[in-house]
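Q:
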Amino acid sequence: MEDAQAAHSASLDSATRRVQVEMEDVKRAAADAERRHKDELDRLRDEAKREAAQQVSEVQLEVSRLKGELDARDMRAAAEMSAAEARGRKEAEEERDRAVRELKARESALEEEREVVQRHAVSA
């Protein structure tokens, strides 16, 4: 009976060692899988950061381009407004000059008419 118990005890010890070895293998495999998972997450995070930085850079370039276009439009609009103001001033000056000429012409015509009236009055 002792031999049977000793054999049974040895068999249990052997099975216990096998289970312990298998548990260590499973723990190592789990740790390896966790490390691979963490490495993959780190890689994905780095990739996402690079893509985000690239997108930010592209948006900044687009904003700069649009700002340049707006600045150019503003400068063109300011130049057009200055030109329109200059045209407006020139037209106003021309209108004033025309009005002055017309007034002088009327004044001359009235002066001639006054002289004619005076001559008729003197001769009558």
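In full-length UniProt numbering, the protein residues as written are 1 to 124.
Just so you know, even glycine gets a beta-carbon here, dropped at the ideal spot from N, CA and C.
Note that the structure is a prediction, hence the values are computed from the model and not measured.
#1: Any idea what DSSP makes of Met1, helix, strand or coil?
#2: Tell me the rounded alpha-carbon separation between Glu93 and Arg101.
#3: For Ser82 and Gln54, I'd like the C-alpha separation in whole angstroms.
#4: Where Thr16 and Ala30 are concerned, what is the direct C-alpha to C-alpha distance, given to the nearest angstrom?
#5: Would you report the Cα separation of Arg43 and Asp71, rounded to the nearest angstrom?
#6: Note down the Cα distance separating Arg28 from Asp46, rounded to an integer number of angstroms.
A: Looking at the coordinates:
#1: coil
#2: 12 angstroms
#3: 42 angstroms
#4: 21 angstroms
#5: 42 angstroms
#6: 27 angstroms
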